[in-house]
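The structure appears below as structure tokens.
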Amino acid sequence: AGLSKVINGPIPYAPDGNPLIGPMPGLPNAFEACVFTFGIAQGGGAGKVLAEWVTEGQTEWDMWSCDPRRFTSFASAPDYCVAKGME
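Numbering-wise, the sequence shown is residues 100 to 186 according to this note's numbering.
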């Protein structure tokens, strides 16, 4: 019968283009690994550091460039979120 409909979802990006891997700001014992622009290609490394963060409280590698806490309040300001949502 073939395809009747194709839906493409948005590709999420952090403001600096890096993924978000690590502790979620303001939520104790909550971690995230998301916003991968290269999909599963980064999964192995992300899994390694996330497991270290959860079990040991720190990672072997410096992960600041991917740490969700690197953003200040600008990234959650309503005006910023609306502008990025429209982008």
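Just so it is clear, CB atoms sit at the ideal spot from N, CA and C, and this is done for glycine as well.
8 Å contact criterion, which residue i and residue j should meet: CB distance rounded
| i | j | result |
| --- | --- | --- |
| W219 | F130 | Missing from the structure shown is residue 219; the chain here goes from 100 to 186 and no further. |
| L126 | C165 | Not confirmed; about 17 Å, so no contact. |
| R168 | P122 | 7 Å |
Nearest to residue i (by Cα), restricted to the options the options
| i | options | result |
| --- | --- | --- |
| T171 | P124, T154, N128, A150 | P124 |
| D161 | G144, G116, G184 | G144 |
| T154 | I106, V105, M185, N128 | N128 |
Per-residue burial, residue i [other beta carbons within 10 Å of its own, 16 or more giving buried]
| i | result |
| --- | --- |
| V148 | buried |
| A132 | buried |
Using 8 Å as the cut-off, can you tell me whether the region 108 to 116 makes contact with the region 131 to 143, which would need three or more C-beta pairs spanning the two stretches below that distance? A contact is defined here as three or more CB-CB pairs under 8 Å, and the region 108 to 116 meets this definition with respect to the region 131 to 143.
Entirely enclosed beta strand (DSSP E) segments - the region 125 to 184, minimum 3 residues: With a minimum length of 3 residues, the unbroken runs of beta strand (DSSP E) contained wholly in the region 125 to 184 fall at 130 to 133.
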